[in-house]
Amino acid sequence: MNDALHPDDLDRQQQLRMLIESAKGIAPRHGDFTRLRGLRFSQPGFDRDVWTRIAEMGWLGLRLPENAGGAGLGMLEYAALATEAGAALLPEPFIEVQLAIDMMGAATPPSVFAGDEIILPAWASDPDGLGFDGGVIVGRGGRLSGEKRFVPMGAAADRVAVATNAGIFLAAMDQVGIQTLPLQDGGHAATFHFECCPATPLEGDPRPALEAATVANAAYLLGVMERAFDITLEYLGTRRQFDRLIGSFQVLQHRAVDLKIQIEITRAVIRDACVALDGGNDAQTAVSRAKTRAAEAAMLVTRQAIQMHGAIGYTDEADIGLFLRKALTIGNRYGSASWHRARHAALTERDM
Amino acid sequence: MNDALHPDDLDRQQQLRMLIESAKGIAPRHGDFTRLRGLRFSQPGFDRDVWTRIAEMGWLGLRLPENAGGAGLGMLEYAALATEAGAALLPEPFIEVQLAIDMMGAATPPSVFAGDEIILPAWASDPDGLGFDGGVIVGRGGRLSGEKRFVPMGAAADRVAVATNAGIFLAAMDQVGIQTLPLQDGGHAATFHFECCPATPLEGDPRPALEAATVANAAYLLGVMERAFDITLEYLGTRRQFDRLIGSFQVLQHRAVDLKIQIEITRAVIRDACVALDGGNDAQTAVSRAKTRAAEAAMLVTRQAIQMHGAIGYTDEADIGLFLRKALTIGNRYGSASWHRARHAALTERDM
Amino acid sequence: MPAIQPSPHDDLNPLPDQEFRAIIRHWIQENYPEHLRNPQRRLHISDGREWYEALSRQGWLAPNWPREHGGMGLSPSKLLIMIEEQERHGVARLPDQGITMVGPLLIRHGTEMQRQHHLPRILSGEIIWCQGYSEPNAGSDLASLQTRAMRDGDDWVINGQKIWTTLGMDADWIYVLARTDTHVAKQKGISFFIMPVTAPGIEIRPIRNLDMHDEFCEVFFRDVRIPAESIVGAINSGWSIAKNLLSFERIFLGSPFQAIGALDHMARLVEHLGRGSEPRIAAMLNELRMELADHQSFYKSFADQVRRGEPLGPDVSMLKINLSVLYQRITDHIIEIAGEHAAILEPLPDDRSLYPASAFIQARPHSIYGGSSEIQKNIVAKQVLGLGDNIA
Amino acid sequence: MPAIQPSPHDDLNPLPDQEFRAIIRHWIQENYPEHLRNPQRRLHISDGREWYEALSRQGWLAPNWPREHGGMGLSPSKLLIMIEEQERHGVARLPDQGITMVGPLLIRHGTEMQRQHHLPRILSGEIIWCQGYSEPNAGSDLASLQTRAMRDGDDWVINGQKIWTTLGMDADWIYVLARTDTHVAKQKGISFFIMPVTAPGIEIRPIRNLDMHDEFCEVFFRDVRIPAESIVGAINSGWSIAKNLLSFERIFLGSPFQAIGALDHMARLVEHLGRGSEPRIAAMLNELRMELADHQSFYKSFADQVRRGEPLGPDVSMLKINLSVLYQRITDHIIEIAGEHAAILEPLPDDRSLYPASAFIQARPHSIYGGSSEIQKNIVAKQVLGLGDNIA
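One line per chain: the protein sequences are U, D, X and C, in this order.
Mapping to the working numbering: the first sequence position 229 is 229, numbers consecutive.
Mapping to the working numbering: the second sequence position 13 is 1013, numbers consecutive.
Mapping to the working numbering: the third sequence position 322 is 2322, numbers consecutive.
Mapping to the working numbering: the fourth sequence position 216 is 3216, numbers consecutive.
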């Protein structure tokens, strides 16, 4: 098995490989974390120059048809890039902006694709799940009142795409109140307050966009666990205790195998979710499986990575801890494992 | 930690040790299983001579006060004997007859203590749990109609003590219809059919008797897992693969430690349940913990014992399989782990 | 309904996969004996003879053999479909050592005479084969086997003992790994022999397993004298011959088949007990369904490799490791919910398709046979992860 | 309400256990600063000075020291009660290395001068101690330490590096294991030294842990020159001195304390989120409560041993192994149910007593420090189960 999320089509495989290759400039598999550490716990918590490069590479709107300003690629390609982003712990809000674009579709302002403007999606009001129609009420003249919570990197928004039960609305930030909370990964989440806030209604449905974001989040988690595992394997192969490499202890060998299995299952499940999404409909059960597996596997792998590093793994200085923090930060985003399990049960109940 | 279920009282400890010592004649810790194999899948599936010896040792009615024909001992002593019985896979229905005695109390016929007559308890109608008031209806003149199920070794009953919602009734077997099912441990379970069956009402409450039987069952399971573990440890210390003792492989060492921990926790929890029962009241949460832990630990230990024995463990010829069969057979008796978990939740809900 | 009815011995490789699948499915439905679907235990040849002969007549008995030797010569991707359709319909596994092991081995390493004598007799069902590999003191360390074959004039004389010979009581011939040189590394002194089980000195005894079934046998060899042409391949090449044979078939050790059956069993048991509405049980079933679907995704990633014609690496062991865990977890839950029914030696009297204890017991060997999970993890650690081999 | 108010420095050993417990409980309630109950992080001495001095005035700072040296001289069973009551009230752990480690060690192995100088200063809080045992390249294999102490005239000269020095920034003095002989087995060439952290050449740097707290330090020794009387016990006896000190205190590594706190945290979080009525969450809480109660039963079986005055064997390691699993499982579930709140770097804004991420992160080191779970299992396998020691 190689690292790609194998589609059967050989041309597409080739395209995927090139895409992953191209990601190296932004999200290197073997880079250090100096840039990330410099950005941690600052605002906006990422780098607008890198953002411009991301835009130049065509990552933004990659799933939109070419006639709508996108690259016409599929979920497999999106997931492959998200995996590379995860392996590099990329702090830029690539998945969130993509979610806003997927929500707005053809109505997406071109400045977004160019990276000149950042539109973030505000959809959540509950701390868990994919529910998007709470929190904000649409009043007369399309004015928004209420609040949306947990917007990753919200302080960076130039405008905000708000999902409501009456559709999607685009609002300028100057009339939106904002509060931020620092997160474990060094980024932040914002609460957006709307008080009779003027906004422009847009065509669009947040539902499929949220499904895609969920799978992208799972793919990012896959990258997180892959890299955490690689770093740990390397540690097992260099660290000595009791006059031998710790990687020669059978208990750690078998544990590493258990983690590898979880990583490979996650990859396979994400691939199936991508194929289902690319295929059109009824992908929700596959999406929920992907997110459940990815969240649990990422927590397991990063936890065990700390354990296998021993005391050094418990210092903030050791890079391995950045992976645990990232899993902790985004593991429940777009619905926790327990939320997706419940959704899966509800979706499949009628089939029993 | 030694093997006894430590009470704090030193005299009682001494008494316990003597009791356990005395059990060796009937339930030796290092005996072979020739007698058991000879009795498997036959009826009644145990040995009346051994039964007489059990009676002579005073095991029957051991918790009854001395003035009621018993030995005036406590739950700790009962559990200690049950553990020895489990370690020897004793096929005699010691716990069931004890349950009948505990149900009947002072009304127990002396012939039962002498081992001359076997009275078995019929209480279950559901396949899970400790509910005793279903299945049989008491009609005019105390006549019983309906059926009771899952009576271990039921074919051996000379009389039967039937638990109903109107109290306990003693019935002769000649008017009871009986059907038996062979069980995995080589014994059998009976269904008793009553059709206007004449019976004698007795004073007594099945509830505390069933709690005690549940703990005795947990203690028997403790003995089962102790002995299965000892046999497996010995195997790890003699079997060679790849030119070394398999007990030198770290993965098997750690697994053995995991099993040992489960055994020792089970012992500690059973001790607490015994202390609670001996103390009088409100022991149900402790009883449910004991049964839950014992059932799950016994399944785990015996499953892993098979795994560590490898292919030979999968043959009927290997004694280790007898322990898996026993755990399978009695693990859900007196309520499965899942039933006892639910009971624990219901009992503790009001305290939250 | 497929477009065509296949004639016996047709070459089905040129068909598109979907059509091929439809044909196979239809033919199995038409020809497989209904009472043999999803058997609770491994079939003896006497029970499965009818099906064996139907396959034989159709020319479908040996999907993996080249067509010139009487097989179907299926591509890996078609073979995968064939197996999937059999599993789907609940087709029992036959005593198939002749087809899966002996045939391919004779085709590659046998003499012309060996091929001409044996291949047709396997295809007709005249000779049923069994395997003599494992030994009581070798276990997972198969290469440490001690059965000896000594040259005596033109004959070989075999002494030793084999164990875990699947369906040995059904077999006419046996193939055996035996040591022919004790002075070299343990893998290098082993040769491959074939002989009839009626050869004087061979004694086969069934072993009753924990499920009370005589699936396995012990085989004793006491001065068993067999002619020179009983050896297959070169002397001392038996280990590499036997080892190389397993190639992409290793994917089947991790096929979701058994877990699907077990989960179906569990769902039917839950329904039988009327416990489907208990939230904890519903949640448990849902979790297991998700895990099974995930395993199917995992399986598919290896099946795709096979379909693309890529060789499977040592990482395929991960599939079997995961399946063992899942399959056994399902059957653990069967016992957990079965209450007193878990104890019963036979199927449930009121629904004989439910048999909790047997489901549980049958799942046990999955993590032992075909390379225990511990051995598989050693292999993955070493060959996939490159972790040091201080530990065998 | 206890019958008597204890006077400072009273001998409390003659009291019945129950009365002793009541007295301790009452005194803690009266004297422990309310705002320091159940602190989310390990306290620095500057935060805990008030409590340290209250204990000091009462003569309760050193419950484990003999009375003639200013301690309480408690029996093991009374000491257990003392700890239980502190845990029950949510009393913070002080920087207590002087009390738990240095005092007992000087009492047993120190010179009269060392005792006279140091014991009163520990009891008064004038000197706070920290530990220099672990090294970056030693880890769980503590005996492979490389810090050297060379004799130079009347002095010792120390060079090397220590790590994981708890609250090193708070300390006035440090005790150090250093190698004094490189030509013997690694455990046999180690000596025990004490020195002020202000000695020229010592540099202490805080390490920020994953919970963003500076609980630990690194300590660098560059040609640190200390007088001859800085050694405690005989030269090269440091390993056995340090190792024997830990006796029944090992039971505390497995005390249910932290798991109780975590489960309480989880229950409050469930309530805060209004999810208590979800069947899966209710079932999860019930299961964890049962497991915690079971662990308490397990703990009690060792505590009974301590109470009876029996020494603890190596089997007490099982207690810590089990606690690590349980404690971490509880905090895993906290993250599972916390939703987006799991991500937050600080306590929840609307209830600052809820802090899912920190609860989770703080549970991580339990299976690493004080002998990792892996090392503990090696010990139990070897010393309790008698399994072969091919594996260290």
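Ideal placement from N, C-alpha and C gives every residue a C-beta, glycine not left out.
Remember, predicted model here, so these are calculated numbers, not experimental data.
- Under the three-state reduction of DSSP, Glu1317(D) is assigned to coil, being neither helix nor strand.
- Judged by DSSP in its simplified three-state form, Lys3300(C) adopts helix.
- In the DSSP assignment, Asp1009(D) falls outside any alpha helix (DSSP H), carrying neither H nor E.
- If you check the CB distance, Ile2330(X) and Met2284(X) do not come in under 7 Å.
- For Thr1052(D), there is no enclosing beta strand (DSSP E); the residue is found in the alpha helix (DSSP H) stretching over Arg1048 to Glu1056.
- The C-beta separation of Arg143(U) from Ala199(U) comes to about 7 Å, placing the pair in contact by the 8 Å criterion.
- Listed along chain U, the residues sitting closer than 7 Å to Phe1249(D) by beta-carbon distance are Gln250.
- In this structure, Met3082(C) is the residue among His3009(C), Met3082(C) and Pro3076(C) with its C-alpha nearest to the C-alpha of Glu3019(C).
- Any Cβ of chain C closer than 7 Å to the Cβ of Ala1345(D) would place that residue at the interface, and such an atom is present.
- The shortest C-alpha to C-alpha distance from Leu170(U) to any of Leu181(U), Tyr235(U) and Met103(U) is the one to Met103(U).
- According to the DSSP assignment, Ile261(U) belongs to the alpha helix (DSSP H) that extends over Gln250 to Gly279.
- For a cut-off of 8 Å, the C-beta gap from Ala1297(D) to Thr1266(D) is around 5 Å, short enough to register as a contact.
- In the DSSP assignment, the residues bridged to Trp2129(X) are Trp2173(X).
- Going by beta carbons, His2117(X) and Leu2106(X) fall outside the 7 Å limit.
- Classified as exposed, Glu2053(X) has fewer than 16 neighbouring CB atoms from the shown chains inside 10 Å of its CB.
- The three-state secondary structure of Asn2064(X), taken from DSSP, is coil.
- With a threshold of 16 other beta carbon atoms within 10 Å, Pro3063(C) meets it and is buried.
- Using beta-carbon distances, His188(U) does not count as an interface residue toward chain D, since no partner is under 7 Å.
- Judged by pairs of C-beta atoms under 8 Å, the region 1088 to 1107 of chain D touches the region 1046 to 1053 of chain D, as three or more such pairs exist.
- No residue range can be given for Leu2094(X), since it is assigned to no alpha helix (DSSP H) and is classified by DSSP as neither H nor E.
- Listed in chain order, the positions of the region 3052 to 3080 of chain C with a beta carbon within less than 9 Å of a beta carbon of chain U would be empty, since no residue qualifies.
- Residues of chain C with a Cβ closer than 7 Å to the Cβ of Ala1268(D) are, in chain order, Ser3297, Phe3298, Lys3300 and Ser3301.
- Using a Cβ-Cβ distance cut-off of 8 Å, the region 214 to 228 of chain U and the region 71 to 90 of chain U are in contact, since at least three pairs of beta carbons, one from each stretch, lie closer than that value.
- In this structure, the CA atom of Met3113(C) is about 13 Å from the CA atom of Gly3103(C).
- For Val1151(D) against Val1215(D), the beta-carbon gap comes to about 20 Å, at or over 8 Å, which does not count as contact.
- Taking 7 Å as the threshold, the shortest C-beta distance from Ile1261(D) to chain C falls below it.
- Residue state for Ala1163(D) is assigned as strand, using DSSP reduced to three classes.
- For Gly69(U) and Ala106(U), the gap between their C-alpha atoms comes out near 7 Å.
- Measuring C-alpha to C-alpha distances from Glu21(U) to each of Leu10(U), Met57(U), Ile261(U) and Met173(U) identifies Met57(U) as the nearest.
- Taking 7 Å as the CB threshold, Val3380(C) lines the interface with chain D.
- Below the 8 Å Cβ cutoff, chain X contributes Pro2279, Arg2280 and Ala2283 as neighbours of Arg3280(C), in chain order.
- When secondary structure is reduced to three states using DSSP, Arg3179(C) falls in the strand class.
- Linking Asp3181(C) to Pro2365(X) through their CA atoms gives a straight-line distance of about 54 Å.
- For Thr329(U), the nearest CB of chain C lies under 7 Å from its own CB, placing it at the interface with that chain.
- By the criterion of at least three beta-carbon pairs nearer than 8 Å, the region 1341 to 1349 of chain D is not in contact with the region 2347 to 2360 of chain X.
- At a cut-off of 7 Å between C-beta atoms, Pro2014(X) does not count as an interface residue with respect to chain D.
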